[in-house]
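Each remark here refers to the structure printed beneath this line.
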Amino acid sequence: MELNDSFSLSHLGKPAWWRAGINDFLDFRSVDKHRTTIGWRNASQYSAYWEQCQRAYGQDIEVSNHIRDKVDDFKVNGFTSLQTEQTQNLANKIWGKIQGASDIWVEKSGGSGNKNFSGNFWVEFPEIEELFSNVMTDFLTCYFGCDFKVWQAVLYQSTNLGQRQGSQGWHSDSGPGSCVNMLFYLHEMGPESGGIELLPWEKSVEVWKDARRGLRNAIGHLGARPEGQLGREYISRTVKSKAESSLKKYVVQPRSPKPGLVVPFLNNLQHAGGYPAPGFTRTAIVFQFYPADRPIDWERYAKEGVVRDTGYPHDPALVF
Numbered sequence: 392m393e394l395n396d397s398f399s400l401s402h403l404g405k406p407a408w409w410r411a412g413i414n415d416f417l418d419f420r421s422v423d424k425h426r427t428t429i430g431w432r433n434a435s436q437y438s439a440y441w442e443q444c445q446r447a448y449g450q451d452i453e454v455s456n457h458i459r460d461k462v463d464d465f466k467v468n469g470f471t472s473l474q475t476e477q478t479q480n481l482a483n484k485i486w487g488k489i490q491g492a493s494d495i496w497v498e499k500s501g502g503s504g505n506k507n508f509s510g511n512f513w514v515e516f517p518e519i520e521e522l523f524s525n526v527m528t529d530f531l532t533c534y535f536g537c538d539f540k541v542w543q544a545v546l547y548q549s550t551n552l553g554q555r556q557g558s559q560g561w562h563s564d565s566g567p568g569s570c571v572n573m574l575f576y577l578h579e580m581g582p583e584s585g586g587i588e589l590l591p592w593e594k595s596v597e598v599w600k601d602a603r604r605g606l607r608n609a610i611g612h613l614g615a616r617p618e619g620q621l622g623r624e625y626i627s628r629t630v631k632s633k634a635e636s637s638l639k640k641y642v643v644q645p646r647s648p649k650p651g652l653v654v655p656f657l658n659n660l661q662h663a664g665g666y667p668a669p670g671f672t673r674t675a676i677v678f679q680f681y682p683a684d685r686p687i688d689w690e691r692y693a694k695e696g697v698v699r700d701t702g703y704p705h706d707p708a709l710v711f
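Read in order, the letters of the sequence shown are residues 392 to 711 in the working numbering.
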């Protein structure tokens, strides 16, 4: 079954119409205030915990002007990019270990075109902690205004299957608004490498709201939920259509002729994942970060790793 815009909310009775309209209003306000499409019932608890972490931190945050500029850019656009000699050296080090290994990839289900590292990445690549010895810790601490914690750290490789599959298409991850995603590319990123494509936050919100309005008209008479599978597919098609037409001029694809490019972006930003040209692959590490009320426990990460690769913490205060 496919949804289209041929239906109207007039199919609903007045009480249902009002409930749908109020729910949409609250979700739209939640996106504007909390930067998340997770839903107005759950969004505020993550913002409240973030504020609690900032109060608990109680320290002056001293970072370079360069980092502050990057954080300011991130706050406005919902993404930025960083690269230093340190990130280049680390990328080369990890890339060298991968090149010398065999049978390290596992196909993700659903024919997504992505393969994940088969082992416990953080344990087997302990040098990843070097990424947080200065530049990324400075960036994340400055943005969050407090300590942070790592929910996800996945080494993966993207290939071309003839057409975009799964996360290679336009979408947002739809987690809490306090979540920051980050890509760390292990090789140079040219036009054929299939780097992530990003739609600035203002345009991401604009196209999501347009899609949600169209979705409500399309499914209102069915009583379907906007967060259901049909709803997600409808919104994805709408975002794809506009990102490839009227909003195409706003799409940004960070590139670099050297390895070690770091691309932080908001979890709810509309983006299209890696889609390399035929014969090319894209290898990267994707992270997800959240604010924390205590310093990060690097020793525990080194021992146990970070094994989550999906979802989000349903309790924002969860220690991980």
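By construction, the Cβ of each residue, glycine as well, lies at the ideal position given by its N, Cα and C atoms.
No experiment lies behind these values; they were computed from the predicted model shown.
Membership of R646 in any alpha helix (DSSP H) is not indicated, and neither H nor E is assigned to it by DSSP.
In this structure, the straight-line span from the alpha carbon of H457 to that of I413 is close to 43 angstroms. Ranked by how close their Cα comes to the Cα of Q474, the residues N551, E579 and R446 have E579 in first place. Leaving aside the five residues that flank F465 on each side, the residues in its chain whose CB is nearer than 7 angstroms to its CB run, in chain order, T471, Y534 and P655. H457 is bridged by DSSP to nothing; it lacks a bridge partner.
At a Cβ-Cβ threshold of 8 angstroms, Y440 and D538 do not count as neighbours.
Here V571 is buried, its C-beta having at least 16 other C-beta atoms within 10 Å.
When beta bridges are read from the DSSP output, T674 appears opposite Q548. A distance below 6 angstroms between beta-carbons, with the five flanking residues on each side excluded, links Q445 to the following residues of its chain, in chain order: G536 and C537. About 6 angstroms separates the Cβ atoms of N507 and V545, confirming a contact at the 8 angstroms cut-off. Around the CB of T427, 16 or more other CB atoms lie within 10 Å, so the residue is classed as buried.
No residue range can be given for E579, since it is assigned to no alpha helix (DSSP H) and is classified by DSSP as neither H nor E.
For N468, the number of other beta carbons within 10 angstroms of its own is at least 16, and it is reported as buried.
Annotation: the stretch 421–449 contains the following complete segments of the alpha helix (DSSP H) (minimum length 4 residues), in chain order: 431–448. At a Cβ-Cβ threshold of 8 angstroms, G622 and I429 do not count as neighbours. Within the same chain, D684 come within 7 angstroms of Q443 by CB-CB distance, once the 5 residues on both sides are set aside.
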